[in-house]
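The numbers in this note's numbering rise by one with no breaks, and the one at position 232 of the sequence shown is 233. All C-beta atoms in this analysis are idealised placements derived from N, C-alpha and C, irrespective of residue type, glycine included. Computed from a predicted structure; not experimentally measured. Heads up, the thing below is written out as structure tokens.
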Amino acid sequence: MTQTVHEDQLKNGSIINADALIVGGGISGITAAIELAETFHHALLIESQPSLGGRVAATNQYFPKLCPPTCGLEINLKRIKNSSYIKVLTMAEIQKVEGSPGAYKATVNINPRYVNEKCTACGKCAEACEVSIPNPFNYGIDKTKAIYLPHLMAYPFRYVIDRNHVNDPAVRKCAEVCGYGAIDFDMKQIQITVNTKAIIWATGWRPYDANRLDNLGFGKYPDVITNVMMERIASENGPYGGKIVRLSDGKEISSIGFVQCAGSRDENHLPYCSAVCCLASMKQASYVRALYPEADIHIFYIDIRSPGRLEDFYAKAKQDPKLHFHRGKVGSITRNDSNGNLVLAAEDTLTGSTVRYEVEMAVLAVGMVPNTAVDKPVMNIELDPYGFFAPRQKSGIIGTGTALRPADVADSVRDATGAALKAINVTAGRK
Numbered sequence: 002m003t004q005t006v007h008e009d010q011l012k013n014g015s016i017i018n019a020d021a022l023i024v025g026g027g028i029s030g031i032t033a034a035i036e037l038a039e040t041f042h043h044a045l046l047i048e049s050q051p052s053l054g055g056r057v058a059a060t061n062q063y064f065p066k067l068c069p070p071t072c073g074l075e076i077n078l079k080r081i082k083n084s085s086y087i088k089v090l091t092m093a094e095i096q097k098v099e100g101s102p103g104a105y106k107a108t109v110n111i112n113p114r115y116v117n118e119k120c121t122a123c124g125k126c127a128e129a130c131e132v133s134i135p136n137p138f139n140y141g142i143d144k145t146k147a148i149y150l151p152h153l154m155a156y157p158f159r160y161v162i163d164r165n166h167v168n169d170p171a172v173r174k175c176a177e178v179c180g181y182g183a184i185d186f187d188m189k190q191i192q193i194t195v196n197t198k199a200i201i202w203a204t205g206w207r208p209y210d211a212n213r214l215d216n217l218g219f220g221k222y223p224d225v226i227t228n229v230m231m232e233r234i235a236s237e238n239g240p241y242g243g244k245i246v247r248l249s250d251g252k253e254i255s256s257i258g259f260v261q262c263a264g265s266r267d268e269n270h271l272p273y274c275s276a277v278c279c280l281a282s283m284k285q286a287s288y289v290r291a292l293y294p295e296a297d298i299h300i301f302y303i304d305i306r307s308p309g310r311l312e313d314f315y316a317k318a319k320q321d322p323k324l325h326f327h328r329g330k331v332g333s334i335t336r337n338d339s340n341g342n343l344v345l346a347a348e349d350t351l352t353g354s355t356v357r358y359e360v361e362m363a364v365l366a367v368g369m370v371p372n373t374a375v376d377k378p379v380m381n382i383e384l385d386p387y388g389f390f391a392p393r394q395k396s397g398i399i400g401t402g403t404a405l406r407p408a409d410v411a412d413s414v415r416d417a418t419g420a421a422l423k424a425i426n427v428t429a430g431r432k
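Below you can see the structure in the form of structure tokens.
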């Protein structure tokens with residue numbers, strides 16, 4: 002069985018040995034760990050958040066099959082649990098890497114969860130907690146308690162206390178209702194050493210900051226949301242039980258606009274295309290259609306990019322008579338104060354005219370920013386101009402998934418399998 006290592010089981014100076022260290026517990030990191038284990042290589046999978054799953058866990062449905070992420074994650078987490086070749090460490094951040102291929106030494110800090118392995122996830126502590134925080138899993142759309150379970154598929158399935166409120170007397174009262182002695186406010190950050198032959202960097206991505214798009218009203222109008230927020234709103238385990246509603250008044254929508262390339266392909270923001278946004282918006286349009294058959298849906302685009310077999314997904318979307326495609330980038334979003342609706346203005350590049358459409362909600366298709374562009378890797382690794390891992394690194398440190406380029410889930414899984422093979426070659430001394 003998997004040895005799930007937690008901060009309450011380790012001490013300062015502890016040493017862990019592994020064939021490969023995988024940094025990042027999203028779909029790419031999980032896949033790489035499983036592939037290594039299948040070939041009898043010991044993998045240590047570390048994740049900075051309290052749970053594995055990454056952004057895939059927060060997705061409502063995959064495309065093109067439109068099935069929930071539980072389909073893939075449930076199987077993968079079961080494989081992790083049943084493997085004696087995988088160790089998992091959450092709340093962990095890599096601080097330093099020394100050495101060379103075949104003989105790396107990594108320094109890892111483990112942050113306190115303040116909830117130990119005695120936790121049964123009964124939820125009584127959260128029921129008693131009177132302090133609420135913006136829900137990180139739902140991108141702050143709703144609130145959760147300061148002691149919370151990250152999400153319903155959390156691995157490990159254990160509560161965590163928000164570090165910003167750990168000294169709040171109201172939060173400390175939670176310990177009084179725990180009958181298992183699971184809450185431990187004396188937990189401290191510790192530092193361990195990992196000896197490994199190869200390192201797979203699978204730190205994933207974050208959505209581009211929509212607050213920087215002044216003309217599109219994010220942060221000013223509550224009914225302007227981002228595409229990642231839309232995934233959580235549409236989810237049955239999201240803040241509204243799967244109903245798609247306006248954040249301003251809780252009203253279910255009858256019209257919606259999708260704004261493609263929100264900050265992308267723009268020299269002032271993200272110069273590149275994030276590859277998945279067009280299809281993600283069409284997928285989200287299908288969420289709307291399933292719930293509200295008569296809703297008007299507008300997609301504003303520069304170019305629709307649906308490569309390969311995914312062109313069929315686009316062709317099917319175009320058959321919807323109430324899904325309107327407008328070739329033109331939205332230049333501004335304003336609010337009609339008489340009814341609270343949003344007015345999207347764009348130049349229709351097919352006709353040369355300016356068009357305006359009024360909708361009840363607008364979804365900004367913000368691009369994918371590699372976490373390596375913001376949180377620079379701690380070792381000497383070459384990045385491309387956008388912050389992605391540069392190709393063909395001459396070392397045993399291997400980038401994978403969206404650390405390399407924008408990618409969907411399927412591409413990330415395939416790439417992670419390749420990264421595992423590269424790591425195996427390093428462990429065997431092959432170049």
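Local conformation of residue i per DSSP, three classes
{"i": "A421", "result": "helix"}
{"i": "A21", "result": "strand"}
{"i": "M283", "result": "helix"}
{"i": "C72", "result": "helix"}
{"i": "H327", "result": "strand"}
{"i": "H1", "result": "Residue 1 is absent from the model: the chain starts at 2 and stops at 432."}
{"i": "Q1", "result": "Residue 1 is absent from the model: the chain starts at 2 and stops at 432."}
{"i": "L78", "result": "helix"}
{"i": "S15", "result": "coil"}
{"i": "Q320", "result": "coil"}
{"i": "F389", "result": "coil"}
{"i": "D143", "result": "coil"}
{"i": "M2", "result": "Confidence at M2 is low in this model, with a pLDDT of 47, below 50, so its placement is unreliable and no value can be given for it."}
{"i": "A199", "result": "strand"}
{"i": "Y149", "result": "strand"}
{"i": "T91", "result": "coil"}
{"i": "Q96", "result": "strand"}
{"i": "S52", "result": "coil"}
Close-in-space but distant-in-sequence residues of the same chain around residue i (CB under 8 angstroms, 5 per side omitted)
{"i": "L343", "result": "G218, Y222, D224, V225, G258, I334, T335, R336, N337, E359, V360, E361, M362, A363"}
{"i": "T3", "result": "Unreliable positioning characterises T3 in this predicted model, as indicated by a pLDDT of 46, which lies under 50. The coordinate reading is nonetheless provided below. Excluding positions up to five away in sequence, the list reads I81, K82, N83, S84, S85, I87, K88, V89."}
{"i": "S282", "result": "N228, F259, Q261, I300, V364, A366"}
Selection from the options that minimises the alpha carbon distance to residue i
{"i": "G368", "options": "C279, D304, H325, K319", "result": "C279"}
{"i": "G55", "options": "G26, P322, I47, E39", "result": "G26"}
{"i": "K244", "options": "V289, L214, L271, K284", "result": "V289"}
{"i": "Q285", "options": "L248, L67, G180", "result": "L67"}
{"i": "I184", "options": "E118, H166, I200, L214", "result": "E118"}
{"i": "H327", "options": "N196, L365, T145, I298", "result": "I298"}
{"i": "A203", "options": "D385, T32, P135, Q10", "result": "T32"}
{"i": "R159", "options": "V167, H166, I148, K317", "result": "I148"}
{"i": "S256", "options": "A21, D169, K323, G388", "result": "K323"}
{"i": "V414", "options": "T401, A424, N228, I425", "result": "T401"}
{"i": "L292", "options": "S307, I254, P308, A281", "result": "I254"}
{"i": "N168", "options": "N196, Y115, L153", "result": "Y115"}
{"i": "M92", "options": "K146, K144, V161", "result": "V161"}
{"i": "V132", "options": "C123, G124, T145", "result": "T145"}
{"i": "R266", "options": "A127, G251, P294, Y302", "result": "Y302"}
6 angstroms Cβ shell around residue i - same chain, five flanking residues per side excluded
{"i": "E99", "result": "K106"}
{"i": "S49", "result": "E94"}
{"i": "A155", "result": "S52"}
{"i": "I16", "result": "T194"}
{"i": "D163", "result": "I134, A147"}
Cβ shell of residue i (< 7 angstroms), same chain only, five flanking positions each side left out
{"i": "T121", "result": "Y181"}
{"i": "V410", "result": "I28, V57, Y63"}
{"i": "Q320", "result": "none"}
Contact test: residue i Cβ vs the ligand ATP heavy atom, cutoff 8 angstroms
{"i": "L150", "result": "The ligand ATP is not part of this structure, which contains no ligands at all."}
Legend entry - Contact between the stretch 225-237 and the stretch 131-140 (3+ Cβ pairs under 8 angstroms): Yes, since at least three Cβ pairs between the stretch 225-237 and the stretch 131-140 fall closer than 8 angstroms, the two stretches touch.
Inset, instruction - Enumerate, from N- to C-terminal direction, the unbroken alpha helix (DSSP H) stretches of 4 or more residues contained entirely within the stretch 155-195. - result: Entirely contained in the stretch 155-195, the alpha helix (DSSP H) runs reaching 4 residues are, in chain order, 170-173.
Legend entry - Secondary structure, alpha helix (DSSP H): runs of 4+ residues fully inside the stretch 209-293: Counting only unbroken stretches of 4 or more residues, the alpha helix (DSSP H) elements lying wholly within the stretch 209-293 are 228-235, 278-292, in sequence order.
Inset, instruction - Please specify which runs of the beta strand (DSSP E), each continuous and at least 3 residues long, are wholly inside the stretch 327-363, giving them in chain order. - result: Counting whole runs of 3 or more residues, the stretch 327-363 contains the beta strand (DSSP E) stretches 331-336, 343-349, 354-360.
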